[in-house]
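A short write-up of the structure that comes next.
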Amino acid sequence: MPRLQTFHLLTRNGQTPLQYAERVVSIVMGAALAASVALVLTGCSTEVLTPSVDLPSNFSASTASEMEPEAAWWEVYHDPVLTDLVRRAARENRDVKIAAERLQAARAGETVSRSWLFPSVGASASGSDRSSGYSSATKQGYPDTKTTSAGLDVSWELDLSGRLRAGAAAADADALAAEHSMRGVRLLVMSDVVSNYFTLIGAQRQVATLRAISAMQDETLRLVVARQQAGLASAFDVERAQTDALSARAQIPPLETQVAVSRHRIAVLIADQSFNTANIQTSISDVTVVPEAKPGQPAELLQRRPDVLALMAQLDAANARRKQAAAEWFPRLFLDASFGRQGLSLNGADLGVARFTNVAGLLAMPLFNAGRTQAINDAAESAQKEALLRAEDGIVRALEDVENALVTLTQERRRAGSLQLAAASAEAAQNRAQSLYNRGQIDLLPLLDSQRARLAARLNSNESNTRLLIDSVQLYKALGGGWQVFEQPVTPTAATKADLPPLS
Numbered sequence: 013m014p015r016l017q018t019f020h021l022l023t024r025n026g027q028t029p030l031q032y033a034e035r036v037v038s039i040v041m042g043a044a045l046a047a048s049v050a051l052v053l054t055g056c057s058t059e060v061l062t063p064s065v066d067l068p069s070n071f072s073a074s075t076a077s078e079m080e081p082e083a084a085w086w087e088v089y090h091d092p093v094l095t096d097l098v099r100r101a102a103r104e105n106r107d108v109k110i111a112a113e114r115l116q117a118a119r120a121g122e123t124v125s126r127s128w129l130f131p132s133v134g135a136s137a138s139g140s141d142r143s144s145g146y147s148s149a150t151k152q153g154y155p156d157t158k159t160t161s162a163g164l165d166v167s168w169e170l171d172l173s174g175r176l177r178a179g180a181a182a183a184d185a186d187a188l189a190a191e192h193s194m195r196g197v198r199l200l201v202m203s204d205v206v207s208n209y210f211t212l213i214g215a216q217r218q219v220a221t222l223r224a225i226s227a228m229q230d231e232t233l234r235l236v237v238a239r240q241q242a243g244l245a246s247a248f249d250v251e252r253a254q255t256d257a258l259s260a261r262a263q264i265p266p267l268e269t270q271v272a273v274s275r276h277r278i279a280v281l282i283a284d285q286s287f288n289t290a291n292i293q294t295s296i297s298d299v300t301v302v303p304e305a306k307p308g309q310p311a312e313l314l315q316r317r318p319d320v321l322a323l324m325a326q327l328d329a330a331n332a333r334r335k336q337a338a339a340e341w342f343p344r345l346f347l348d349a350s351f352g353r354q355g356l357s358l359n360g361a362d363l364g365v366a367r368f369t370n371v372a373g374l375l376a377m378p379l380f381n382a383g384r385t386q387a388i389n390d391a392a393e394s395a396q397k398e399a400l401l402r403a404e405d406g407i408v409r410a411l412e413d414v415e416n417a418l419v420t421l422t423q424e425r426r427r428a429g430s431l432q433l434a435a436a437s438a439e440a441a442q443n444r445a446q447s448l449y450n451r452g453q454i455d456l457l458p459l460l461d462s463q464r465a466r467l468a469a470r471l472n473s474n475e476s477n478t479r480l481l482i483d484s485v486q487l488y489k490a491l492g493g494g495w496q497v498f499e500q501p502v503t504p505t506a507a508t509k510a511d512l513p514p515l516s
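Counting in our numbering, the sequence shown runs from 13 upward without gaps.
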């Protein structure tokens, strides 16, 4: 059979399928644009909600609001062991790594949402081989046919109403919220490391104090027993001295438990179960100086707190989804095109290859769906209002955290000063009582009272110093800084994502 040459089918008025499809699409697009202009203008007026919280000019509990807090705030304690632990936790902590994976997933979702703004292109290929054979009923044979085809398929939804752009903007905001959430996790981990470190150091200091005082009370007990044997003290004096010595010794196990628990917690935070306290024993006798508070301005606080930044990003996402929901009322225009070549073989004879082109447009608009579109808008509006309330609540809670931390730190600093003076006074009183007792000028009761007072004063002073350190950590945590130190600098590349077109 003769070879069939490449052909183009003709439609009415002598147009090819491509020309006819282009004419149809242009008519459909014109109608869609005319029908959508008013609706798009209405969609552009969708309300964008922003927090309306009145911020004070300064924190009421601080006189140094003009000074910004340190970024690497853990370094103000001048403890190299602590600095190393914080950096290890920020780098190795599993919660931080989990948050980083969530961020990667959010960024992948951002890419998916952006992809809907562009045409989708796919390839297709098919082939068939049909052998019909011979029919005994009609006494005739049927032809054997073979067909092959290959082509490209293109589909694209033209974003007339801004629905896809709003969805992409929401995904961008979600990715930013995930990024701020990861920063918040890192801040929590760092502050937990520092708090547990100071708890561990404070417990070790208390243990050292109790052991020293317990040794002194054991010596007092030995002297009282010797005086009893000499007839200078009674059995009652011995019992009282023994009671005080044993009571001091009994306070050591709970503190050693606290040391172990804090060490275990730090090991989890830095993802190193082999961590031990041997390398920090030398700092037990040191008194760590608590730096002065520098909270900065309330307005600047909102630019540092990761939780507030995440809530603001979530509000941006809710605003974008509100626009996306409003666009559900608008018509949608879909374009599909197929281009390719198809070959046909009949009874082994090649009939040639024909090109094919198919272009189609579809305009769809909701008319009745039993209230589904309205429900989508109602849900998006409620989610938008909820995100606004959460953002405002996060702002006022952040201010509250800082104010409370400032007051707590200030009052604890005053308490620590008084307790240090009391400890020094009790130390002097006990030394004097011991001297008088050794010379026989006082009996045992005043000596034991002075020893109890010294023990209580030193333990209270140590506890207040530890509490002061932990309160300072809580202030830095409330101020929200520190995560910036571990941010990798952004290097512009040619693969930087293009900016989204405006929603309205």
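In this text, a Cβ means the ideal position worked out from N, Cα and C, and glycines have one as well. Predicted model, so just to flag it, every value in this text is computed and none were measured.
query = Where does Gln354 fall in DSSP's three states?
reply = Here the question's residue 354 lines up with position 342 in the sequence shown. In the structure shown, Gln354 sits in a strand (DSSP, three-state: E or B).
inquiry  = Quick check on the DSSP output: what are the complete beta strand (DSSP E) runs of length 3 or more inside the stretch 151-206, in order along the chain?
reply    = Assignment of beta strand (DSSP E) within the stretch 151-206, counting only whole runs of 3 or more residues, yields 157-170 in chain order.
query = Does the distance from the CB of Val124 to the CB of Ala349 come in under 8 Å?
reply = Position 112 of the sequence shown holds residue 124. Position 337 of the sequence shown holds residue 349. Cβ atoms of Val124 and Ala349: not closer than 8 Å.
inquiry  = Taking 6 Å as the limit between beta carbons, can you name the residues of its chain near Gln315, skipping five residues before and five after?
reply    = Here the question's residue 315 lines up with position 303 in the sequence shown. Excluding residues within five positions, none has a Cβ falling inside 6 Å.
ask   = Ala339 and Gly174 look like a contact to me (Cβ under 8 Å); what is the Cβ gap, rounded to whole Å?
value = The count along the sequence shown starts at 1 and reaches residue 339 at position 327. The count along the sequence shown starts at 1 and reaches residue 174 at position 162. Correct: roughly 6 Å between the Cβ atoms.
Closest residue to Asp91 among Ile213, Ser476, Val419 (Cα-Cα distance) = Here residue 91 refers to the residue found at position 79 of the sequence shown. Out of Ile213, Ser476, Val419, Ile213 has the C-alpha closest to the C-alpha of Asp91.
key: Exposure of Val197, with buried meaning 16 or more beta-carbon neighbours within 10 Å   = Within the sequence shown, numbered from 1, the residue matching residue 197 stands at position 185. With a threshold of 16 other beta carbon atoms within 10 Å, Val197 meets it and is buried.
query = Looking at the structure shown, is Gly134 part of a helix, part of a strand, or coil, going by DSSP?
reply = Taking the first residue of the sequence shown as position 1, residue 134 is located at position 122. Gly134 falls in the strand class under three-state DSSP.
key: Close beta carbons around Asp470, own chain, < 6 Å, minus the five adjacent residues each side   = Counting from 1 along the sequence shown, the entry for residue 470 is found at position 458. According to the sequence displayed, residue 470 carries Arg and not Asp. Non-local beta-carbon contacts of Arg470 in its own chain, meaning distances under 6 Å to residues more than five positions away in sequence, involve Thr221, Ala435 in chain order.
key: Backbone secondary structure at Val414 - three-state DSSP   = To locate residue 414, count along the sequence shown from 1; it is residue 402. The three-state reading of DSSP puts Val414 in helix, counting H, G and I together.
request  = Within its chain, find whatever has a CB closer than 6 Å to the CB of Ala253; leave out the 5 residues flanking it on each side and keep chain order.
outcome  = Residue 253 sits at position 241 when you count from the first residue of the sequence shown. Counting only Cβ-Cβ distances below 6 Å, and skipping sequence neighbours, we find Thr232, Leu233, Val236.
Pairwise C-alpha distance: Ala181 and Gln17 = Numbered from 1 along the sequence shown, position 5 holds the residue referred to as residue 17. Numbered from 1 along the sequence shown, position 169 holds the residue referred to as residue 181. With a pLDDT of 36 at Gln17, under the threshold of 50, the modelled position of that residue is not reliable, and the figure given next carries that caveat. A straight-line Cα-Cα distance of about 51 Å links Gln17 and Ala181.
inquiry  = For a quick check, are the C-beta atoms of Leu172 and Leu313 less than 8 Å apart?
reply    = Position 160 of the sequence shown, counted from the first residue, corresponds to residue 172. Position 301 of the sequence shown, counted from the first residue, corresponds to residue 313. Leu172 is not a Cβ neighbour of Leu313, given a cutoff of 8 Å.
message = Mapping the DSSP letters down to three states, classify Asp461 as helix, strand or coil.
response = As a working mapping, residue 461 is identified with position 449 in the sequence shown. Under the three-state reduction of DSSP, Asp461 is assigned to helix.
For Ala366 and Arg119, the rounded distance between their alpha carbons = By one-based count along the sequence shown, residue 119 stands at place 107. By one-based count along the sequence shown, residue 366 stands at place 354. The alpha-carbon separation between Arg119 and Ala366 amounts to approximately 44 Å.
request  = With DSSP as the reference, label Asn474 as helix, strand or coil.
outcome  = If you number the sequence shown from 1, residue 474 lands on position 462. Helix.
query = Looking at Leu199 and Lys489, is the spacing between their C-beta atoms short of 8 Å?
reply = The residue you call residue 489 lines up with position 477 of the sequence shown. The residue you call residue 199 lines up with position 187 of the sequence shown. For Lys489 and Leu199, yes; Cβs fall inside 8 Å.
message = Counting C-beta neighbours from all protein chains within 10 Å, is the total for Leu374 16 or more, i.e. buried, or is it exposed?
response = Locating residue 374 in the sequence shown gives position 362, where the first residue counts as 1. Taking all protein chains in view, the Cβ of Leu374 is surrounded by fewer than 16 other Cβ atoms within 10 Å, so the residue is classified as exposed.
query = When you compare only the Cα positions, how much space is there between Leu411 and Ala189?
reply = Taking the first residue of the sequence shown as position 1, residue 411 is located at position 399. Taking the first residue of the sequence shown as position 1, residue 189 is located at position 177. Straight-line Cα distance between these residues: approximately 20 Å.
request  = Note down the Cα distance separating Gln496 from Ala322, rounded to an integer number of angstroms.
outcome  = Counted from its first residue, the sequence shown places residue 496 at position 484. Counted from its first residue, the sequence shown places residue 322 at position 310. Roughly 15 Å separates the two Cα atoms.
message = Can you check which of these residues, Ala227, Arg126, Ser161, is closest to Asp186 by C-alpha distance?
response = On the sequence shown, residue 186 is found 174 positions in, with the first residue counted as 1. For the residues Ala227, Arg126, Ser161, the minimum Cα distance to Asp186 belongs to Arg126.
query = Across which residues does DSSP place Ser140 in a beta bridge pair?
reply = Your numbering for residue 140 matches position 128 in the sequence shown. Residue pairing for Ser140: DSSP places it in a beta bridge opposite Thr159.
task = With DSSP as the reference, label Arg317 as helix, strand or coil.
result = Along the sequence shown, read from residue 1 onward, the residue named residue 317 stands at position 305. Residue state, collapsed to three classes: coil.
ask   = Can you tell me whether Met568 is buried or exposed, with buried defined as 16 or more other CB within 10 angstroms of its CB?
value = Beyond the ends of the chain as shown, which are 13 and 516, falls residue 568; an answer cannot be given.
ask   = Based on the DSSP secondary-structure assignment, which residues constitute the bridge partners of Asp348?
value = One-based indexing of the sequence shown puts residue 348 at position 336. Note: Asp348 sits in a beta bridge opposite Ser167, Ala372.
Environment of Val201 [buried if 16+ CB atoms lie within 10 Å] = Along the sequence shown, read from residue 1 onward, the residue named residue 201 stands at position 189. Buried.
query = How close, in whole Å, do the beta carbons of Pro81 and Leu491 come, if the pair is a contact with beta carbons under 8 Å?
reply = The residue given as residue 81 occupies position 69 in the sequence shown. The residue given as residue 491 occupies position 479 in the sequence shown. Right, their Cβ atoms sit about 5 Å apart.
task = Inspect the beta-carbon positions of Leu94 and Asp204 and report whether they are closer than 8 Å.
result = In the sequence shown, counting from the first residue as 1, residue 94 sits at position 82. In the sequence shown, counting from the first residue as 1, residue 204 sits at position 192. If you check the CB distance, Leu94 and Asp204 do not come in under 8 Å.
task = Write down the C-beta distance between Glu104 and Ala283 rounded to the nearest angstrom, noting that I regard them as a contact closer than 8 Å.
result = For the purposes of this step, residue 104 is taken as the residue at position 92 of the sequence shown. For the purposes of this step, residue 283 is taken as the residue at position 271 of the sequence shown. Taking the Cβ atoms as the reference, Glu104 lies roughly 4 Å from Ala283, within the contact range of under 8 Å.
task = Report buried or exposed for Asp141, applying the criterion of at least 16 other Cβ atoms within 10 angstroms of its Cβ.
result = The residue given as residue 141 occupies position 129 in the sequence shown. The Cβ neighbour count for Asp141, taken over all protein chains shown within 10 Å, is under 16; the residue is labelled exposed.
ask   = With 16 as the cutoff for other CB atoms within 10 Å, does Leu267 come out buried or exposed?
value = Residue numbering aside, residue 267 sits at position 255 when the sequence shown is read from its first letter. Burial of Leu267 is indicated by the presence of at least 16 other C-beta atoms within 10 angstroms of its C-beta.
inquiry  = With the cut-off set at 8 Å, would you say Phe342 and Gly163 are in Cβ contact?
reply    = Working through the sequence shown from its first residue, we reach residue 342 at position 330. Working through the sequence shown from its first residue, we reach residue 163 at position 151. For the 8 Å CB-CB criterion, Phe342 and Gly163 do not form a contact.
query = Closest to Ala465 by CA distance: which of Gln229, Met194, Asp413, Ile110 is it?
reply = Residue mapping note: residue 465 aligns to position 453 of the sequence shown, counting from 1. Ranking the options by Cα distance to Ala465, first place goes to Gln229.
task = Over the uninterrupted alpha helix (DSSP H) stretch that includes Asp256, give me the two end residues.
result = What you label residue 256 is simply residue 244 of the sequence shown in a count that begins at 1. For Asp256, the uninterrupted alpha helix (DSSP H) segment begins and ends at 247-262.
Anticipated Cβ contact below 8 Å, Leu480 with Glu404, distance rounded = Here residue 480 refers to the residue found at position 468 when the sequence shown is read from its first residue. Here residue 404 refers to the residue found at position 392 when the sequence shown is read from its first residue. Rounded to whole angstroms, the Cβ separation of Leu480 and Glu404 is 33 Å, and the two are not in contact under 8 Å.
ask   = DSSP on Arg367, reduced to helix/strand/coil?
value = The residue given as residue 367 occupies position 355 in the sequence shown. Correct three-state label for Arg367: strand.
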